[in-house]
Amino acid sequence: MPLFEGLSGKLQEIAARMRGKVRVSEQDIRDMMREIRLALLEADVNYQVARRFVEEASARCLGSDVLEGLNPGQQVVKIVHDTLVDTLRRQSGKLQVSPSGFTTYLLVGLQGSGKTTTAAKLALYLRKKGKKPMLASVDVHRPAAARQLEVLAKQVDIPCLVDPDEKDAAALARRVSERARYLLHDTLIVDTAGRMTVDADLMEELRRISAVLKPTETLLVVDAMIGQESVAIATAFQEQVGIDGTIMTKLDGDARGGAALSIGSVTGRPLKLICTGEKLPDMEEFHPDRMASRILGMGDILSLIEKAQEALDEKKALETFDRMRQNRFTLQDMLDQFVEMKKMGPLDKVLDMLPGMGKKPVDASQVDPRAIDRSLAILRSMTRRERMEPSLLNASRRKRIASGSGTTVQEVNRLVRQYEEASAMMKRFASLSKGKRKGAGFPGLPF
Amino acid sequence: MGLLDPFRKGLEKTRKLLGAGFVRLSAAMGRFDEEWLQELEDSFIAADAGMTATLRLTDAVRSAIRRTGDVSRTAVARVLADEMRAILGPPAPLALEKGRPTILLLVGVNGTGKTTTTGKLAARYRTDGFRVVIGAADTFRAAAIEQLEIWAQRADTPLIASHTGADPAAVVFDTLQAARARKADLVLLDTAGRLHNKQHLMDELAKIRRVIQREAPDARCDTLLVIDATTGQNAVSQARQFHEAVRVDGLVLTKLDGNAKGGVALAVAVETGLPIRLAGLGERLEDLVDFDPDAFIQSLLPEA
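Protein chains in written order, with this note's numbering: chain A, 143 to 589; chain B, 3 to 306.
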């Protein structure tokens, strides 16, 4: 993502210019805000929303005092980030449940936004929360759309109502609603037809469906990759059908999801849930702080700011490095680390959360999620002594480990090589931190 | 004008957005100044043209005005049109030859309209007298095969499919065998939507490419990346990463009608230089047309 790198670079340039200054001038803030505005636009935040946001952040900057431990440039970024988190927090909310005991969620959105998959994900998500959901499709237009929902529903074993012969969506809606109540479900999730565009026919059909179902919440499903049009689409659905919240999909891609800010700003309706993967359990609540970092695309700068604020104790850091060096990094440590990593969830997502990783999205993506499992199998097929004394691993031991773990000797060799590289890197790291580093911060980070 | 009509109609909204603003502003002010340029910049950004293309366009206008002093509306429109033409490059239609076996591999992220485009391409070349075979290499999405079956029936084209969860490369292999047996001129391969930052899925595509290379070394094989025109700046990232993984030969910009503002065509072209071959202007079979840069530009700028 060269654009984003360029931006970070420019911000750092401005920040460097400001270093040593006690007060930030209005011109400094204007320069930085121009870069912030570009960052927002590249993240597909609507241009008017971006402008308004930048005005608010500028006002906050002008009125603020310099914080301890931060240079003025870092402080501006911090204020912008905090403003964004505040805004997104105001625009977040939880799913509402009907006091009547029977809750209906109506999913609306454009074609290809991921409504059908989202419907199945939502059902699974709610079942995990103890609900008894039922799925239904009232899409009477798209070939095989209802069928897709049926297949997905079967995968998670949630009952699903479809009728490929019914041509009247509103009549179908009435039937599924009655049926779901009759079968004593407490939650009904209704998937609707998408269109390529917001057209009058679609809106009319949705209005009729909505009138029949009287949904507890109408949820707009939007693709995280959507561009400037997000505002017009959200407004159209808001005005003509009425929405209570948004679900954003495909956040497992590298789109920065600026629409989350835009839609909340223009509709005043909260972002409720996000989809973070292709698999059905990949749905979660929305975290304003993570989203803010994603939209700004400045994970590295922000993490630095955090560190500066924590007034990182250099001595402590050095001690850690020293310990690492003295204790020697063994295959046992590697096994422990892999086990820890597995606990944190799918690796690509863990990597996404790490600040600084945003700069190297390729590294994060090249990790095969199954690779860790294979490595674990290999490590576990070793004896404890072998893990503590990797030099023991001769050809015959490697052969035994390979057959024990269901892998090949080549893979065992690769893992050992990986270990050797890691262990060499640790040593380098430790000696580096002991020697040259005088200034604050970790090696390998900017500033 | 016949050829331009679908474009003009399809891009009505884009034209309204850029064109109307253009006329209104210049009429009100009589001349172009910095403030106007700022508004011009905003309208390109609002059309998803991205910062790089937008700045290139506004800079071109600024320097032209400085050079010639001509601030008339027609002069500015001409500068914009020339610059957009430079960004988009010459027309680059698919240009398939009957009798020479051609394989079109359709790739893209989820929900951009790959299956629909496959169906429309089948219908289009079937009408032109090609012997077409479709391969359902999207074995991931539930009911993707059924959706393609309906399209194949409509286009009266044989469909080679396996079951959901099958190895897509195996489906491609079967399709190529069937195509050879039927002496097909054109093989259309619909693949599963995949996010471009998932390395293992991109590897899967590379494998499909290898199978094609091995099984049909003499055939022309083009990879078409299908991009949803409502996508924002992520389209650039998609184009870059798909190109890196499987070498993209051309782009298909779908959903260019109605909501889409289409400026993303400029963003992708300026950042990657990949040719835009086809545009999807609607839901009907005949709404998939060759992308014509001039018509696109004319639809953006009145009287250019």
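Heads up, the beta-carbon is just placed ideally off N, CA and C, and yes, glycines get one too.
When DSSP labels each residue in this structure, what does residue i get in the three-state scheme?
i	result
residue 234(A)	strand
residue 390(A)	strand
residue 279(A)	strand
residue 148(B)	helix
residue 414(A)	strand
residue 281(B)	strand
residue 292(A)	helix
residue 258(A)	helix
residue 137(B)	strand
residue 361(A)	strand
residue 218(A)	helix
residue 426(A)	strand
residue 293(B)	coil
residue 396(A)	coil
residue 276(B)	coil
Measuring alpha carbon to alpha carbon, tell me which residue in the options is nearest residue i.
i	options	result
residue 95(B)	46(B), 252(B), 76(B)	252(B)
residue 156(B)	259(B), 136(B), 167(B), 164(B)	136(B)
residue 245(A)	327(A), 291(A), 555(A)	327(A)
residue 264(A)	193(A), 363(A), 224(A), 399(A)	363(A)
residue 221(B)	187(B), 200(B), 239(B)	187(B)
residue 194(A)	538(A), 179(A), 373(A)	179(A)
residue 434(A)	336(A), 418(A), 403(A)	403(A)
residue 291(B)	300(B), 279(B), 301(B), 302(B)	279(B)
residue 35(B)	170(B), 63(B), 49(B), 97(B)	63(B)
residue 636(A)	286(A), 421(A), 414(A)	Because chain A here runs from 143 to 589, residue 636(A) falls outside it and cannot be looked at.
residue 216(B)	236(B), 194(B), 175(B)	175(B)
residue 391(A)	112(B), 181(B), 149(B), 273(B)	112(B)
residue 230(B)	516(A), 314(A), 255(A), 206(A)	255(A)
residue 315(A)	332(A), 300(A), 306(A), 419(A)	332(A)
residue 378(A)	393(A), 359(A), 367(A), 346(A)	346(A)
residue 83(B)	284(B), 179(B), 268(B)	268(B)
residue 301(A)	281(A), 370(A), 322(A)	322(A)
residue 236(A)	388(A), 198(A), 545(A)	388(A)
residue 158(B)	235(B), 295(B), 297(B), 126(B)	126(B)
residue 423(A)	279(A), 358(A), 330(A), 297(A)	297(A)
residue 374(A)	420(A), 191(A), 563(A), 359(A)	191(A)
Which bits of chain A does residue i rub up against, with CB to CB less than 9 Å?
i	result
residue 39(B)	Here the premise fails: no neighbours, minimum Cβ distance about 15 Å.
residue 149(B)	284, 285, 286, 287, 289, 290
Starting from the C-beta of residue i, find all residues in its chain whose C-beta is less than 7 Å away, skip the five residues before and the five after it, and write them out in chain order.
i	result
residue 244(B)	109, 198, 227, 250
residue 535(A)	528, 558
residue 231(A)	430
residue 251(A)	257, 336, 362, 363, 364
residue 257(B)	115, 230, 231, 232, 282
residue 202(A)	221, 225
Which residues of chain A have a Cβ atom closer than 7 Å to the Cβ of residue i, listed in chain order?
i	result
residue 53(B)	180, 183, 184
residue 157(B)	Per Cβ cutoff of 7 Å: no residues; residue 157(B) is ~13 Å from chain A at best.
residue 89(B)	Those do not exist, as residue 89(B) stays about 17 Å from chain A at its closest Cβ, beyond 7 Å.
Just to confirm my understanding: we take residue i, look at its own chain, exclude 5 residues before and 5 after, and list those with CB closer than 6 Å. What are they?
i	result
residue 66(B)	81
residue 123(B)	190
residue 524(A)	543
residue 456(A)	Low confidence applies to residue 456(A): its pLDDT is 49, below 50, so where it sits in the model is not reliable enough to give any reading.
residue 530(A)	472, 474
residue 171(B)	209, 210, 213
residue 476(A)	561
residue 223(B)	105, 214
residue 289(B)	283
residue 366(A)	390, 392, 393, 397, 399
For residue i, return the contacting residues in chain B, with the cut-off set at a CB-CB distance below 7 Å.
i	result
residue 260(A)	The premise fails here: residue 260(A) is roughly 11 Å from chain B at the closest Cβ pair, so nothing lies under 7 Å.
residue 365(A)	113
residue 247(A)	The premise fails here: residue 247(A) is roughly 20 Å from chain B at the closest Cβ pair, so nothing lies under 7 Å.
residue 255(A)	113
Counting only the same chain and skipping the five closest in sequence on each side, list residues whose C-beta sits under 8 Å from that of residue i.
i	result
residue 353(A)	312
residue 349(A)	382, 383
residue 521(A)	473, 476, 477, 480, 529, 557
Could you list which residues in chain B have their beta carbon closer than 9 Å to that of residue i, in chain order?
i	result
residue 392(A)	111, 112, 113, 197
Would you say the beta carbon of residue i is closer than 8 Å to some non-hydrogen atom of the ligand NAP?
i	result
residue 315(A)	Looking for the ligand NAP in the displayed structure turns up nothing, as the structure carries no ligands at all.
Who are the neighbours of residue i on chain B, taking C-beta pairs under 8 Å?
i	result
residue 395(A)	111, 197, 198, 199, 236
According to a CB-to-CB cut-off of less than 8 Å, which residues of the stretch 173-197 of chain B neighbour chain A?
-> Flagged, chain order: 197.
Can you list, in chain order, the residues of the stretch 273-299 of chain B whose Cβ is nearer than 7 Å to any Cβ on chain A?
-> The residues in question are 285.
Note down, in chain order, all residues in the stretch 272-300 of chain A with a beta-carbon under 7 Å from any beta-carbon belonging to chain B.
-> Identification of residues in the stretch 272-300 of chain A having a C-beta nearer than 7 Å to some C-beta of chain B yields 285, 286, 289, 290, 293, 294, given in sequence order.
Interface residues of the stretch 103-130 of chain B facing chain A [CB-CB below 8 Å] = Those residues of the stretch 103-130 of chain B placed with their C-beta closer than 8 Å to a C-beta in chain A are 111, 112, 113, 114, 115, ordered along the chain.
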